[in-house]
Amino acid sequence: MVKKVYAIKEGYDFEKNEKVENIIVNTWGECLKCVKGVKGAAYKSFKDINSALEYLKGEDKLLKKSEGSYPKDCLHVYVDGSYNISTEMYSYALVAVKGNVVYYIESGAHSCEEGKNIRQISGELKAAVRGVQYALSEGEKKVVLFHDYEGTCKHALGLWERKEASSIKYYEEMNELMKNIEVIFVKVDSHTGDLFNELADEKCKEKLQIESKKSVQKWLMNNEIKTANDEVKNEILKIAPKGEKNIIVIDI
Numbered sequence: 001m002v003k004k005v006y007a008i009k010e011g012y013d014f015e016k017n018e019k020v021e022n023i024i025v026n027t028w029g030e031c032l033k034c035v036k037g038v039k040g041a042a043y044k045s046f047k048d049i050n051s052a053l054e055y056l057k058g059e060d061k062l063l064k065k066s067e068g069s070y071p072k073d074c075l076h077v078y079v080d081g082s083y084n085i086s087t088e089m090y091s092y093a094l095v096a097v098k099g100n101v102v103y104y105i106e107s108g109a110h111s112c113e114e115g116k117n118i119r120q121i122s123g124e125l126k127a128a129v130r131g132v133q134y135a136l137s138e139g140e141k142k143v144v145l146f147h148d149y150e151g152t153c154k155h156a157l158g159l160w161e162r163k164e165a166s167s168i169k170y171y172e173e174m175n176e177l178m179k180n181i182e183v184i185f186v187k188v189d190s191h192t193g194d195l196f197n198e199l200a201d202e203k204c205k206e207k208l209q210i211e212s213k214k215s216v217q218k219w220l221m222n223n224e225i226k227t228a229n230d231e232v233k234n235e236i237l238k239i240a241p242k243g244e245k246n247i248i249v250i251d252i
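The following block contains the structure:
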């Protein structure tokens with residue numbers, strides 16, 4: 001039997017009270033000590049040390065919107081997911097934007113056993129896959145995917161251990177899609193007033209009949225949003241009926 005090694009990209013040593021980064025350990029017990037109960041822990045097992053080293057050296061493509069270091073001249077897709085504890089259903093939503101114009105909105109709700117265990121994460125991952133599929137259907141060669149769940153990026157790039165069936169399926173689907181399009185992952189902080197992220201969030205809540213803070217409608221009281229067609233406008237009106245005069249349909 002081949003002995004495994006464990007590469008820890010991000011973890012925490014509670015005994016030493018210090019952060020653990022980019023180390024390789026020889027046993028699962030050593031690895032578990034640094035990753036169990038650690039939010040955002042990133043680690044993988046390998047059959048040889050060279051593969052483990054390559055993983056630790058691998059580029060982390062997770063950017064932050066606040067830093068602004070991402071392409072502005074291509075399709076941007078904002079994705080989100082939500083979960084309703086009482087109905088045990090999860091939802092997803094995506095908002096596709098180009099040149100500050102909303103071209104497409106999609107949302108949906110589903111019920112499944114796994115959704116109960118990982119809550120809105122099922123929706124986050126589904127939205128990401130659908131977002132990239134939409135970009136490909138429009139003939140795009142590059143897409144910037146804005147997300148607030150870090151695993152949207154980390155699972156797609158294989159930087160996090162995949163334990164749930166949904167994360168395994170997501171990794172496989174995204175890697176197949178990424179053979180035909182460049183995907184740039186950008187982290188956006190949730191509930192910080194980012195219009196398109198709030199729009200995705202509220203479309204998720206709408207599908208689950210969860211009350212939102214009406215952030216989009218409040219924003220539209222004093223600002224305009226441009227849409228590519230009436231269908232997109234109507235999707236926004238469902239969550240912001242009082243903002244109709246500031247939802248502008250333009251000719252593309």
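For the sequence shown, my numbering gives the first residue as 1, with consecutive numbering after it.
Ideal Cβ positions, reconstructed from N, Cα and C, are used throughout, including at glycine.
Taking just the CA atoms, how far does Lys142 sit from Lys126? Translated into positions along the sequence shown, residue 126 becomes position 126. Translated into positions along the sequence shown, residue 142 becomes position 142. Distance between the alpha carbons of Lys126 and Lys142: 19 Å.
Taking the beta carbon of Ser122 as the centre, do at least 16 other beta carbons fall within 10 Å, making it buried, or is it exposed? As a position in the sequence shown, residue 122 is number 122, starting the count at 1. Ser122 is buried by the Cβ-count criterion.
Under 6 Å Cβ to Cβ from Ala156, same chain only, skipping five residues before and after it: list those, please. Here residue 156 is taken as the residue at index 156 of the sequence shown, counted from 1. The beta carbon of Ala156 sits closer than 6 Å to the beta carbons of Met174 from its chain, once the five residues preceding and following it are set aside; these are given in chain order.
Helix, strand or coil, according to DSSP, for Ser212 in the structure here? Here the question's residue 212 lines up with position 212 in the sequence shown. DSSP places Ser212 in coil when its eight states are reduced to three.
For Ile24, collect the residues of the same chain with a Cβ closer than 6 Å to its Cβ; drop the 5 residues on either side in sequence, then sort them by chain order. Locating residue 24 in the sequence shown gives position 24, where the first residue counts as 1. So the list reads Val5, Ala7, Ala52, once near-sequence residues are dropped.
Nearest-angstrom Cα separation, counted from Gly37 out to Trp28: Within the sequence shown, residue 28 is the residue found at index 28, counting from 1. Within the sequence shown, residue 37 is the residue found at index 37, counting from 1. Each residue's Cα considered, the two are about 15 Å apart.
Buried versus exposed, by CB contacts within 10 Å (16 or more), Glu198: To locate residue 198, count along the sequence shown from 1; it is residue 198. Result: buried.
Any idea what DSSP makes of Thr27, helix, strand or coil? Within the sequence shown, the letter at position 27 stands for residue 27. In the structure shown, Thr27 sits in coil (DSSP, three-state: anything other than H, G, I, E or B).
Would you call the CB atoms of Thr152 and Leu145 closer than 8 Å? Within the sequence shown, numbered from 1, the residue matching residue 152 stands at position 152. Within the sequence shown, numbered from 1, the residue matching residue 145 stands at position 145. At a Cβ-Cβ threshold of 8 Å, Thr152 and Leu145 count as neighbours.
Out of curiosity, what's the CA-to-CA distance linking Lys47 and Gly11? Counted from its first residue, the sequence shown places residue 47 at position 47. Counted from its first residue, the sequence shown places residue 11 at position 11. Each residue's Cα considered, the two are about 21 Å apart.
Nearest to His147 (by Cα), restricted to the options Glu202, Lys98, Gly81: Numbered from 1 along the sequence shown, position 147 holds the residue referred to as residue 147. Checking every option, the nearest Cα to that of His147 belongs to Gly81.
Selected residue, minimal CA-CA separation from Ser86, among Val232, Gln209, Val249: Within the sequence shown, residue 86 is the residue found at index 86, counting from 1. When each option's Cα is compared against that of Ser86, the closest is Gln209.
Distance, Ser107 Cα to Gly115 Cα: Working through the sequence shown from its first residue, we reach residue 115 at position 115. Working through the sequence shown from its first residue, we reach residue 107 at position 107. With a pLDDT of 49 at Gly115, under the threshold of 50, the modelled position of that residue is not reliable, and no figure is offered here.
In terms of residues, what are the limits of the alpha helix (DSSP H) holding Ser91? Locating residue 91 in the sequence shown gives position 91, where the first residue counts as 1. Segment 89-98 is the beta strand (DSSP E) holding Ser91; no alpha helix (DSSP H) there.
Cβ of Val249 within 8 Å of Cβ of Ile236? Here residue 249 is taken as the residue at index 249 of the sequence shown, counted from 1. Here residue 236 is taken as the residue at index 236 of the sequence shown, counted from 1. Cβ distance not < 8 Å, so Val249 and Ile236 don't count as in contact.
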